[in-house]
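With the first letter of the sequence shown counted as 1, position 66 gets the number 75 in this note's numbering; the numbers rise by one all the way through.
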Amino acid sequence: IGLHLGVWVWNIRMHSYLYGGSVSSVLPACLAPSRAETLLFGSEALWRAFDVLSEEALKEEAGLISFGSVRDATCSWPQDEVRIRQAIAGKEDTIDRAIRT
């Protein structure tokens, strides 16, 4: 809203300066949104909507993550689980600390 109002004020001032009229004489022409105003306001609105939706998605995903320890982790492929457990054997506490920080 702030950007849109700022563009309107600028538009009113420019019309009064360019056409040599008072603010009240150019006000009706200035209140009709120009393509630039519509583009700027639309872009700002889309950006804010994107920010809100991104934040909501992050909050939702964060709620799905629960972490206890890599010792509790499982794999969908048993052979992967065996290889991963062999690779991290004895390093579980270090890995847990790294994940939590």
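Ideal placement from N, C-alpha and C gives every residue a C-beta, glycine not left out.
{"Item": "At least 3 beta-carbon pairs within less than 8 Å: the stretch 51-63 vs the stretch 72-91", "Value": "no"}
{"Item": "Rounded separation between Glu65 and Phe59 - CA only", "Value": "10 Å"}
{"Item": "Spatial neighbours of Ile97 in its chain, beta-carbon cut-off 7 Å, leaving aside the 5 residues before and after", "Value": "Val79 and Ile104"}
{"Item": "Under the three-state DSSP convention, the category Thr110 falls into", "Value": "coil"}
{"Item": "CB of Ala82 within 9 Å of CB of Ile74, strictly", "Value": "no"}
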